[in-house]
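This report refers to the structure that appears directly beneath it.
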Amino acid sequence: MYKLLISITLISFFACVGNETKTNTTATMNDYKQVNITELHESPVQMIGKEWMLITAGNSTAFNTMTASWGGLGELWNKPVAFIFVRPQRYTFDFLEREDYFTLSFYNENYREALTICGTKSGRDTDKVKEAGLTPLYTPLGVAFGEARVIIECRKIYGDFLQPEAFIDGSIAENIYPQSDYHKMYVGEIVNVWKR
Numbered sequence: 572m573y574k575l576l577i578s579i580t581l582i583s584f585f586a587c588v589g590n591e592t593k594t595n596t597t598a599t600m601n602d603y604k605q606v607n608i609t610e611l612h613e614s615p616v617q618m619i620g621k622e623w624m625l626i627t628a629g630n631s632t633a634f635n636t637m638t639a640s641w642g643g644l645g646e647l648w649n650k651p652v653a654f655i656f657v658r659p660q661r662y663t664f665d666f667l668e669r670e671d672y673f674t675l676s677f678y679n680e681n682y683r684e685a686l687t688i689c690g691t692k693s694g695r696d697t698d699k700v701k702e703a704g705l706t707p708l709y710t711p712l713g714v715a716f717g718e719a720r721v722i723i724e725c726r727k728i729y730g731d732f733l734q735p736e737a738f739i740d741g742s743i744a745e746n747i748y749p750q751s752d753y754h755k756m757y758v759g760e761i762v763n764v765w766k767r
């Protein structure tokens, strides 16, 4: 009997420990240090293409987020920038069109399921942030989530739809856009970078 109780207690303890690493309901901006983008010594290809990111736009009244694995970080027009691609049918698109700023946030691997939820469900008909177990975090210029290890705040400086005639490799347009639902590209000046 005592062995059974000890086993149940240990299982409960480790289950609780596992959950503590998954959610962060008390995160504030005080948990982050502001850094220069040049101090972020990570591969953008790894961060965006392999680990994925959340693109979020809105404010404390209303916001939406979506998972993305296309985009980049770099230098353009003498500014550090991020560029993202969003299809017009995505609910986040409406928020990006309205707002002057957006955030990109990056997570450790144990949040892969949360990012999958945010990439496959629409904020139009479900509270995917709650379902994903993420905690909204209001940054100086927008919204991110308290579970992020890196948050990049961007000011929109350019936006336009990809044009089918501009594809030098026409097979990309044929394979990626068979319904001609071309992404809109947004270029954002990187204003703030926050790191845990």
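Residue numbers (this note's numbering): 572 to 767.
In this text, a Cβ means the ideal position worked out from N, Cα and C, and glycines have one as well.
Confirm, please, whether the CB-CB distance from W623 to L712 is below 8 Å. The residue you call residue 712 lines up with position 141 of the sequence shown. The residue you call residue 623 lines up with position 52 of the sequence shown. Contact flag unset, no.
If I follow the unbroken alpha helix (DSSP H) through S742, where does it start and stop? Locating residue 742 in the sequence shown gives position 171, where the first residue counts as 1. Run containing S742: G741 to I747, per the alpha helix (DSSP H) assignment.
Could you check if Q750 is buried or exposed, using at least 16 other CB atoms within 10 Å of its CB as the buried criterion? The residue you call residue 750 lines up with position 179 of the sequence shown. So Q750 ends up on the exposed side.
Which one of L705, D731 and T697 has the shortest CA to CA distance from L667? Position 96 of the sequence shown, counting from 1, holds the residue named residue 667. If we check each option's Cα against that of L667, D731 comes out closest.
Can you tell me where the beta strand (DSSP E) holding E670 begins and where it ends? As a first step, residue 670 must be located in the sequence shown, where it is residue number 99. Counting along the chain, E670 falls outside any beta strand (DSSP E), and DSSP gives it neither H nor E.
Reducing DSSP to helix, strand and coil, say where F738 ends up. The sequence position of residue 738 within the sequence shown is 167, counting from 1. It is coil, neither helix nor strand.
Use the C-beta contact count for I626: other C-beta atoms within 10 angstroms, 16 or more gives buried, fewer gives exposed. The residue labelled residue 626 in the question sits at position 55 within the sequence shown. Result: buried.
Is it buried or exposed, W765, if we count other Cβ atoms within 10 angstroms and call 16 or more buried? For the purposes of this step, residue 765 is identified with residue 194 of the sequence shown, where counting begins at 1. Result: buried.
According to DSSP, is D602 helix, strand or coil? Here residue 602 refers to the residue found at position 31 when the sequence shown is read from its first residue. Here D602 sits in helix by DSSP.
I need the straight-line Cα distance from T663 to F656, nearest angstrom please. Along the sequence shown, read from residue 1 onward, the residue named residue 663 stands at position 92. Along the sequence shown, read from residue 1 onward, the residue named residue 656 stands at position 85. Their Cα atoms are separated by approximately 11 Å.
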